[in-house]
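Novice:
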Amino acid sequence: MTAVPVYLDNQATTPLDPAVRDAMWPYLTERFGNPHSSDHRFGWEASAAIRGAREQVADFINAGDDEIVFTSGATESCNLALRGIAGYAHDSRRNRIVTLATEHPAVLETVRDLAALGYEVVVLPVDHNGLVDLANLEGALDDRTLIVSVMAVNNEIGVVQPIADIASRCRAVGAYLHTDATQAAGRLAIDVDAWDVDLLSLSGHKVYGPKGIGALYVRSGVNLKPMIRGGGQEKGLRGGTLPTALVVGFGKACELAAENQERDRCRMAALCTRLYRCLRDANPQLRLFGHPTRRVVGNLNIGFPGIPADELIRNTAARIAISTGSACSSTSSEPSHVLIALGLDPDTAATSVRISLGRFTTEADIDRAVETLSGIHSGLATSEQG
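Everything in the sequence shown is counted per this note's numbering, starting at 648 for the first residue and increasing by one.
(1) Assign H687 to one of three DSSP states: helix, strand, or coil.
(2) Within the segment 689-755, note down every full alpha helix (DSSP H) run reaching 4 residues or more, in order along the chain.
(3) Under DSSP, the beta strand (DSSP E) around T998 begins and ends at which residues?
(4) Along the chain, where does the beta strand (DSSP E) that runs through I949 open and close?
(5) Which runs of the beta strand (DSSP E) at least 3 residues long sit entirely within the segment 778-835? Give them in chain order.
(6) Tell me whether K882 is buried or exposed, calling it buried when 16 or more other Cβ atoms sit within 10 Å of its Cβ.
(7) Pull up the distance between the alpha-carbon of D790 and that of A822, whole angstroms please.
(8) Could you compute how far the alpha carbon of G731 sits from the alpha carbon of A763?
(9) Whole angstroms is fine: what's the gap from V745's alpha carbon to P952's?
(10) Please classify E909 as buried or exposed, where buried requires at least 16 neighbouring CB atoms within 10 angstroms.
(11) Mapping DSSP to helix, strand and coil, what is D656?
(12) So for I1045, helix, strand or coil by DSSP?
(13) Kindly indicate which three-state DSSP category V594 falls into: helix, strand or coil?
(14) Using a 10 Å radius around the Cβ and a threshold of 16 neighbouring Cβ atoms, would you call N801 buried or exposed?
(15) May I ask you to report which of helix, strand or coil DSSP gives R934?
(16) In whole angstroms, what separates the C-alpha of L986 from that of H938?
(17) Have a look at T940, C919, C925, T722 and flag the residue whose alpha-carbon is nearest the alpha-carbon of I860.
(18) Would you grab the beta carbon distance between V844 and L824 for me? Rounded to a whole angstrom, and I think it's under 8 Å.
(19) Count the other CB atoms, across all protein chains shown, that sit within 10 Å of the CB of H737; report buried if there are 16 or more and exposed otherwise.
(20) Using three-state DSSP, classify E767 as helix, strand or coil.
(21) Could you tell me the boundaries of the beta strand (DSSP E) in which L847 lies?
(22) Hey, does N742 have any beta-carbon neighbour from chain D nearer than 9 Å?
(23) Which residues does DSSP list as the beta-bridge partners of V865?
(24) With 16 as the cutoff for other CB atoms within 10 Å, does A811 come out buried or exposed?
(25) Among the residues of its own chain, which have a CB less than 7 Å from the CB of A900, if the five just before and after it don't count?
(26) Could you please give me the residues that DSSP links to A988 through a beta bridge?
(27) On the premise that L933 lies in contact with I949, defined as a C-beta separation below 8 Å, what is that separation, rounded to the nearest angstrom?
(28) For L846 and V865, which I take to be in contact (beta-carbon distance under 8 Å), what is that distance rounded to the nearest angstrom?
(29) So, for N783: in the same chain, excluding its five sequence neighbours on each side, which residues have a beta-carbon less than 7 Å away from its beta-carbon?
(30) Under the assumption that R834 contacts G945 (Cβ atoms under 8 Å), give the Cβ distance between them as a whole number of angstroms.
(31) Taking all protein chains shown into account, do 16 or more other C-beta atoms lie within 10 angstroms of the C-beta of D827, making it buried, or fewer, making it exposed?
(32) Can you give me the Cβ contacts of E785 inside the same chain, cut-off strictly under 6 Å, excluding the 5 residues immediately before and after it?
(33) Give me the Cα-Cα distance between T971 and A905, rounded to the nearest whole angstrom.
(34) Determine which residues share a DSSP beta bridge with A968 and list them.
(35) Alpha carbon to alpha carbon, how far is L1020 from L926? Give it in angstroms, no decimals.
(36) For the putative contact between V773 and L989, defined by C-beta atoms under 8 Å, what is the C-beta separation to the nearest angstrom?
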């Protein structure tokens, strides 16, 4: 029997936590009611479950439960945040949208669409470590700025942006701040008040919950134009019947993340440090992409000089599951826009592999990854030289 590859692509998606599966199961079977049906017990049960999950998500990020809007995932949340703010804006002078070159396509493609509608879009560069230059950001902000969108943790290189510092600069000019916190969830503490953000995107399947569910935090008093109209669900911001089982699973996943966050962080930090040291000892020319310390635990974005990432991954796929970066763009043959934004040339960017650990990663997994990557790299390097 062929062994199952070690899973080290947790930034693409995380496995469903068994406790999340158990919480969801009743709402996939006997508690199947429509949460918006108010005339009978089946609807009441589902509605109560939705309320409980909304509280769990809100508690996870220190928000009010009335500030949580359930969506299909972070991509929809980012779209609703940006299109919603732009659609509701009544001040024609405030038509500037500011973001970073390293953002997820859910943001970059959305602001590109808004640019076509007449909004002024400013895409700021980052430094060679992937961090925003706060002075540069400040120069792009004035009383014409409507909204700034900066992801808390980059999905490819794991770099942590200074969200609270960015927020203070947004407040100074009266601009809204949206952050995509998808990759931050469960890896660092999220507090919407400490961060002082107006809008924050989350996704269930990045925090050991189900796929197809996410949320947008909308600070009380912030107004959005809905993208999906229908039966007035989610305070009129997102029409459509809520998928009770997915919402319940997402809520449970957030509860577990809050409970396990420190333990998970310590485990992943130790395992990731061990993995990196072993790989670097075996391959002294190994490159680490992104800031060496201002990154979430469990993320390694590395390059073996002279070895294309797709070739390395193809040769290791039977033993370990790793990726070249964002799962949303893994079929593209173009170099990562994130790595190019760091100032890397296309050939160097093409060597990048993303290794991301998770809650269920073990020491044995790390040992197997070290053995596999070191052995394959040596073989490929030898063949390249030959």
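A virtual CB, placed ideally from N, CA and C, is assigned to each residue, including glycine.
This structure is a prediction, so every number in the text was calculated from the model and none was measured.
Specialist: Taking the structure as given:
(1) As a first step, residue 687 must be located in the sequence shown, where it is residue number 40. Of the three classes helix, strand and coil, the one that applies to H687 here is coil, per DSSP.
(2) 721-735
(3) Position 351 of the sequence shown holds residue 998. Unbroken run through T998: none, as it is neither H nor E.
(4) Along the sequence shown, one-based indexing puts residue 949 at 302. Here the beta strand (DSSP E) through I949 covers 946-950.
(5) 792-796, 823-827
(6) For the purposes of this step, residue 882 is taken as the residue at position 235 of the sequence shown. K882 comes out exposed.
(7) Here residue 790 refers to the residue found at position 143 when the sequence shown is read from its first residue. Here residue 822 refers to the residue found at position 175 when the sequence shown is read from its first residue. Straight-line Cα distance between these residues: approximately 8 Å.
(8) By one-based count along the sequence shown, residue 731 stands at place 84. By one-based count along the sequence shown, residue 763 stands at place 116. Their backbone Cα atoms lie some 16 Å apart in a straight line.
(9) Residue mapping note: residue 745 aligns to position 98 of the sequence shown, counting from 1. Residue mapping note: residue 952 aligns to position 305 of the sequence shown, counting from 1. About 34 Å.
(10) Within the sequence shown, the letter at position 262 stands for residue 909. Looking at its Cβ environment, which holds fewer than 16 other Cβ atoms inside 10 Å, E909 is exposed.
(11) Residue 656 sits at position 9 when you count from the first residue of the sequence shown. The answer is strand: DSSP assigns D656 an E or B state.
(12) Any answer about residue 1045 is impossible in this case: the structure gives the chain only from 648 up to 1033.
(13) In the structure as shown, the chain begins at 648 and stops at 1033. Residue 594 is therefore absent and cannot be evaluated.
(14) Residue mapping note: residue 801 aligns to position 154 of the sequence shown, counting from 1. Buried.
(15) Here residue 934 refers to the residue found at position 287 when the sequence shown is read from its first residue. Correct three-state label for R934: strand.
(16) As a working mapping, residue 986 is identified with position 339 in the sequence shown. As a working mapping, residue 938 is identified with position 291 in the sequence shown. Approximately 12 Å, taken between the alpha carbons.
(17) The residue given as residue 860 occupies position 213 in the sequence shown. Closest option to I860, Cα to Cα, is T722.
(18) Within the sequence shown, residue 844 is the residue found at index 197, counting from 1. Within the sequence shown, residue 824 is the residue found at index 177, counting from 1. 5 Å between Cβ atoms; contact.
(19) Residue numbering aside, residue 737 sits at position 90 when the sequence shown is read from its first letter. The residue in question, H737, is exposed, as its Cβ has fewer than 16 Cβ neighbours within 10 Å.
(20) Here residue 767 refers to the residue found at position 120 of the sequence shown. It is a strand residue.
(21) Here residue 847 refers to the residue found at position 200 of the sequence shown. 846-850 is the span of the beta strand (DSSP E), which, as asked, contains L847.
(22) Any reference to chain D falls outside this structure, which holds one protein chain only.
(23) Residue numbering aside, residue 865 sits at position 218 when the sequence shown is read from its first letter. L846.
(24) Walking along the sequence shown from the start, residue 811 turns up at place 164. It counts as exposed.
(25) The residue labelled residue 900 in the question sits at position 253 within the sequence shown. D664, V667, G851, V854, Y855, G856.
(26) Locating residue 988 in the sequence shown gives position 341, where the first residue counts as 1. DSSP, once it has assigned bridges, lists no residue as partnering A988.
(27) Here residue 949 refers to the residue found at position 302 of the sequence shown. Here residue 933 refers to the residue found at position 286 of the sequence shown. That belief holds up - the Cβ atoms of I949 and L933 are roughly 6 Å apart, short of 8 Å.
(28) Counting from one through the sequence shown, the residue named residue 846 turns up at place 199. Counting from one through the sequence shown, the residue named residue 865 turns up at place 218. The pair is a contact, with the Cβ atoms about 6 Å apart (cut-off 8 Å).
(29) Here residue 783 refers to the residue found at position 136 of the sequence shown. Within the same chain, N783 has close Cβ partners L771.
(30) If you number the sequence shown from 1, residue 834 lands on position 187. If you number the sequence shown from 1, residue 945 lands on position 298. Indeed, because the Cβ distance is near 6 Å, the residues count as touching under 8 Å.
(31) Counting from 1 along the sequence shown, the entry for residue 827 is found at position 180. It is buried - the Cβ of D827 has at least 16 other Cβ atoms within 10 Å.
(32) Position 138 of the sequence shown, counted from the first residue, corresponds to residue 785. Excluding sequence neighbours, E785 sits near R816.
(33) Here residue 971 is taken as the residue at index 324 of the sequence shown, counted from 1. Here residue 905 is taken as the residue at index 258 of the sequence shown, counted from 1. Each residue's alpha carbon lies about 29 Å from the other.
(34) In the sequence shown, residue 968 corresponds to position 321, counting from 1. A968 pairs with Y654.
(35) Here residue 926 corresponds to residue number 279 of the sequence shown, with the count starting at 1. Here residue 1020 corresponds to residue number 373 of the sequence shown, with the count starting at 1. Straight-line Cα distance between these residues: approximately 8 Å.
(36) Residue mapping note: residue 773 aligns to position 126 of the sequence shown, counting from 1. Residue mapping note: residue 989 aligns to position 342 of the sequence shown, counting from 1. About 7 Å separates the two Cβ atoms, so the contact holds.
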